[in-house]
Amino acid sequence: MNDRLSQALQRIEASPTTAMTDRATELREQGRDIISLSVGEPDFATPAHVIEAAKAALDAGDTRYTPVAGTMALRKAAALHFQRDLGIATDPSRVIVSAGGKQALFEALVATVSPGDEVIVPAPWWVSYPQMVRFAGGRVVPLMTHAHRNFRFDAAEVEALITPATNWLLLNSPGNPTGAYYPAEMLRHIGDMLRRHPQVMVLSDDIYAPLNYTGEKHATLANLCPDLGERICTISGVSKSHAMTGFRIGVATGPKWLIDAMARLQSNSSGNPASISQAAAVAAFEGPQEFLGDWRERFRKRRDLVVAGINAIPGLSTPVPDGAFYCFIDASEHMARFGGDDGRLALHLLEHGVAVVAASAFGGRNGFRISFATDEATLEEAVSRIGAALA
Ligand SMILES: Cc1ncc(COP(=O)(O)O)c(C=O)c1O
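In our numbering, the protein residues as written are 35 to 425.
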């Protein structure tokens, strides 16, 4: 390790999902035929009205600094989104716009976590959560979840991990990498338990909320337990819902002191998110939302196709994910061949033309994650290559 690196940086690694995607791109550039199921972004085109809004902003000369926490137009549109889509009452003074949901999560944690603090993170987790906690100097406390319970957990399991040093519980529903969805009943029990532990805040990452296949209305803690609102920060955005990953816009709402602290950090790092992207995000939140139902249906069909295909491969199994666009696949029966190292399994699949991410990258084990945000013919081919690689 280079001793010029700060202690904070020495505690973190580059994102393994990005690393796998980069490796797949490299092989493709060498002429290899690689299907990438490692990246988490919708393959649909960004809606036309969003593109038009970005062009109009350019033509109107919206090319300068905006307020650090986002334009008033976008903070109002985001407040509307929180209310309409997540049932969270808020106002623009309690909303911040960041360069992606990722930056908002980073800011919330770095603004509040000090050395010695503990953050409870359900595992398997999205790769960046533990890195962000460690960067801030905090300790990650894993809450292990399992496929046979659809990667859900109950309030008692969380409570058993709470200490006086716990300052956050992270919730991600629907979740990456497992597709887990936390129903209202489960969240209400967690809310009841949290009333006994006033030191614990909740970071609720709802970025996949529109991609919920259960037919239930999306459940989120700030809506179900408004009395805990001052202890909940909810993250959302347009990356996944509106196929806008490259625009880099995420939004957060929470107590004013926290939103102000996040803005303080943002004002000294990136400054405002890109002005053109902000104009596009206003159109995303305020424009038509009907296409989301169609996208959800198409994702659900792809999910069903992938789940059936994977479960038909001897030695592989996955539960049916309730949301998002990932399958978290158990490959325990194949692990002996790879010396118990699922990183080697992922490399083996890459050699056979499919890029996936090892479960261990997400704090899981003996398996891998695939994204089904790609067309059905490609998914069918990928499943067949996986089957052939493990035959
Ligand atoms: C669970 C989760 N949260 C947040 C993000 C970040 O999204 P964005 O592209 O808006 O930064 C992702 C992206 O992969 C994610 O999977």
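Note that beta-carbon positions come from the ideal geometry of N, C-alpha and C, so glycine has one too. A quick note: this is a predicted structure, and the numbers were derived from the prediction, not measured.
DSSP beta-bridge partners for S132? Translated into positions along the sequence shown, residue 132 becomes position 98. In the DSSP assignment, S132 forms a beta bridge with G284.
So, are the CB atoms of A199 and D151 less than 7 angstroms apart? One-based indexing of the sequence shown puts residue 199 at position 165. One-based indexing of the sequence shown puts residue 151 at position 117. One thing to note: A199 has its Cβ within 7 angstroms of the Cβ of D151.
heavy atom of ligand 1 below 6 angstroms from N68 C-beta: In the sequence shown, residue 68 corresponds to position 34, counting from 1. Note that residue 68 is Ile in the sequence shown here, rather than Asn. Because no heavy atom of ligand 1 lies under 6 angstroms away, the Cβ of I68 does not count as near it: no.
How is the alpha helix (DSSP H) around V417 delimited, first residue to last? By 1-based counting over the sequence shown, the position of residue 417 is 383. Run containing V417: 410-424, per the alpha helix (DSSP H) assignment.
Beta-ladder partner(s) of M235, from DSSP: Here residue 235 refers to the residue found at position 201 of the sequence shown. According to DSSP, M235 bridges with W202.
How big is the Cα-Cα spacing for P348 and L245? Walking along the sequence shown from the start, residue 348 turns up at place 314. Walking along the sequence shown from the start, residue 245 turns up at place 211. For the pair P348 and L245, the Cα-to-Cα distance works out to about 29 angstroms.
Take S309 and list the residues in its own chain whose beta-carbon comes closer than 8 angstroms to its own, dropping the five residues that flank it on each side. Locating residue 309 in the sequence shown gives position 275, where the first residue counts as 1. The beta carbon of S309 sits closer than 8 angstroms to the beta carbons of A91, D96, T97, R98, Y99, T100, T105 from its chain, once the five residues preceding and following it are set aside; these are given in chain order.
May I ask whether a heavy atom of ligand 1 can be found less than 6 angstroms away from the beta carbon of A364? The residue labelled residue 364 in the question sits at position 330 within the sequence shown. Here residue 364 is Asp; the residue named in the question, Ala, does not match the sequence. In this structure, D364 has its beta carbon at no less than 6 angstroms from each heavy atom of ligand 1.
Does the Cβ-Cβ distance between A170 and V155 come in under 7 angstroms? Taking the sequence shown and counting its residues from 1, one reaches residue 170 at position 136. Taking the sequence shown and counting its residues from 1, one reaches residue 155 at position 121. Between A170 and V155, the gap from beta carbon to beta carbon reaches 7 angstroms or more.
On the criterion of 16 or more Cβ atoms from any shown chain inside 10 Å, does R109 qualify as buried, or is it exposed? Indexing the sequence shown from 1 puts residue 109 at position 75. Answer is buried; the Cβ neighbour count reaches 16.
List the endpoints of the continuous beta strand (DSSP E) containing F362. Your numbering for residue 362 matches position 328 in the sequence shown. Segment 360-364, the beta strand (DSSP E) holding F362.
What did DSSP end up calling I68 once you bin it into helix, strand or coil? If you number the sequence shown from 1, residue 68 lands on position 34. Looking at I68 - three-state DSSP - the assignment turns out to be coil, as it is neither helix nor strand.
Quick check: what's the CA-CA separation for K274 versus K290? Here residue 274 corresponds to residue number 240 of the sequence shown, with the count starting at 1. Here residue 290 corresponds to residue number 256 of the sequence shown, with the count starting at 1. So the alpha carbons of these two residues sit roughly 26 angstroms apart.
Roughly how many angstroms lie between the CA atoms of T211 and L43, to the nearest whole one? Position 177 of the sequence shown holds residue 211. Position 9 of the sequence shown holds residue 43. Going by the sequence as given, residue 211 is Pro instead of Thr. Here the C-alpha atom of P211 lies approximately 24 angstroms from the C-alpha atom of L43.
Decide if H182 is buried, meaning its Cβ has at least 16 other Cβ atoms within 10 Å, or exposed. For the purposes of this step, residue 182 is identified with residue 148 of the sequence shown, where counting begins at 1. With fewer than 16 Cβ atoms within 10 Å of its Cβ, H182 is classed as exposed.
Bridge partners - A389, DSSP secondary structure assignment: By one-based count along the sequence shown, residue 389 stands at place 355. Per DSSP, the beta-bridge partners of A389 are S70.
By the three-class DSSP mapping on this structure, what secondary structure does S405 have? Indexing the sequence shown from 1 puts residue 405 at position 371. The answer is strand: DSSP assigns S405 an E or B state.
Anyone know if the C-beta pair for D356 and Y242 falls short of 7 angstroms? Walking along the sequence shown from the start, residue 356 turns up at place 322. Walking along the sequence shown from the start, residue 242 turns up at place 208. No, the pair does not count as a contact, with Cβ atoms beyond the cut-off.
Output needed for T287: all residues of its chain with C-beta closer than 6 angstroms, excluding positions within five of it in sequence on either side, in chain order. In the sequence shown, counting from the first residue as 1, residue 287 sits at position 253. For T287, where only same-chain residues beyond five positions count, the Cβ hits under 6 angstroms are F116, T124, R128, V129, T268.
Would you say the beta carbon of N306 is closer than 6 angstroms to some non-hydrogen atom of ligand 1? Counting from one through the sequence shown, the residue named residue 306 turns up at place 272. For N306, the Cβ stays outside the 6 angstroms cut-off from all heavy atoms of ligand 1.
According to DSSP, G271 sits in a beta bridge with which residue or residues? Position 237 of the sequence shown, counted from the first residue, corresponds to residue 271. Paired residue(s): G284.
Could you tell me if L255 is buried or exposed, where buried requires 16 or more neighbouring beta carbons within 10 angstroms of its beta carbon? Locating residue 255 in the sequence shown gives position 221, where the first residue counts as 1. Within 10 angstroms of the beta-carbon of L255 lie 16 or more other beta-carbons, which makes it buried.
When DSSP labels each residue in this structure, what does M178 get in the three-state scheme? Reading the sequence shown from its first residue, position 144 is the one you call residue 178. Residue state, collapsed to three classes: strand.
Any heavy atom of ligand 1 closer than 6 angstroms to the beta-carbon of T268? Taking the first residue of the sequence shown as position 1, residue 268 is located at position 234. Every heavy atom of ligand 1 is 6 angstroms or more from the Cβ of T268, so no.
Okay, do the stretch 207-225 and the stretch 312-323 touch, 3+ Cβ pairs below 8 angstroms being the bar? The stretch 207-225 is not in contact with the stretch 312-323.
For T197, is the classification buried or exposed, using 16 other Cβ atoms within 10 angstroms of its Cβ as the cut-off for buried? Along the sequence shown, one-based indexing puts residue 197 at 163. Label assigned to T197: exposed.
Name, in chain order, the residues that DSSP records as bridge partners for I266. Position 232 of the sequence shown, counted from the start, is the residue given in the question as residue 266. According to the DSSP secondary-structure assignment, I266 is paired through a beta bridge with V236.
Looking at W160 and ligand 1, is the gap between the Cβ and the nearest heavy atom below 6 angstroms? Counting from one through the sequence shown, the residue named residue 160 turns up at place 126. Because some heavy atom of ligand 1 lies under 6 angstroms away, the Cβ of W160 counts as near it: yes.
Strictly by DSSP, which residues pair up with I152? To locate residue 152, count along the sequence shown from 1; it is residue 118. For the sequence presented, residue 152 should be read as Glu rather than Ile. Paired residue(s): R173, T200.
Please classify D93 as buried or exposed, where buried requires at least 16 other C-beta atoms within 10 Å of its C-beta. The sequence position of residue 93 within the sequence shown is 59, counting from 1. In summary, D93 is exposed, with fewer than 16 beta-carbon neighbours lying within 10 Å of its beta-carbon over all protein chains present.
Report yes or no: do the stretch 395-404 and the stretch 315-332 share at least 3 C-beta pairs separated by less than 8 angstroms? When Cβ pairs closer than 8 angstroms are counted between the two stretches, the stretch 395-404 is seen not to touch the stretch 315-332, the count staying below three.
Proximity winner among Q165, H83, E47, relative to A277 (alpha-carbon distances): For this step, residue 277 is matched to residue 243 along the sequence shown. Measuring C-alpha to C-alpha distances from A277 to each of Q165, H83, E47 identifies H83 as the nearest.
Should G134 be labelled buried (16 or more other beta-carbon atoms within 10 Å of its own) or exposed? To locate residue 134, count along the sequence shown from 1; it is residue 100. Buried, by the Cβ-count rule.
Measuring CB to CB, does W202 end up less than 7 angstroms from V161? Along the sequence shown, read from residue 1 onward, the residue named residue 202 stands at position 168. Along the sequence shown, read from residue 1 onward, the residue named residue 161 stands at position 127. Cβ atoms of W202 and V161: not closer than 7 angstroms.
Would you grab the beta carbon distance between R419 and H368 for me? Rounded to a whole angstrom, and I think it's under 8 angstroms. As a first step, residue 419 is located in the sequence shown; it is residue number 385 there, counting from the start. As a first step, residue 368 is located in the sequence shown; it is residue number 334 there, counting from the start. Separation of the CB atoms of R419 and H368 is rounded to 15 angstroms, and the pair is thereby denied contact status at 8 angstroms.
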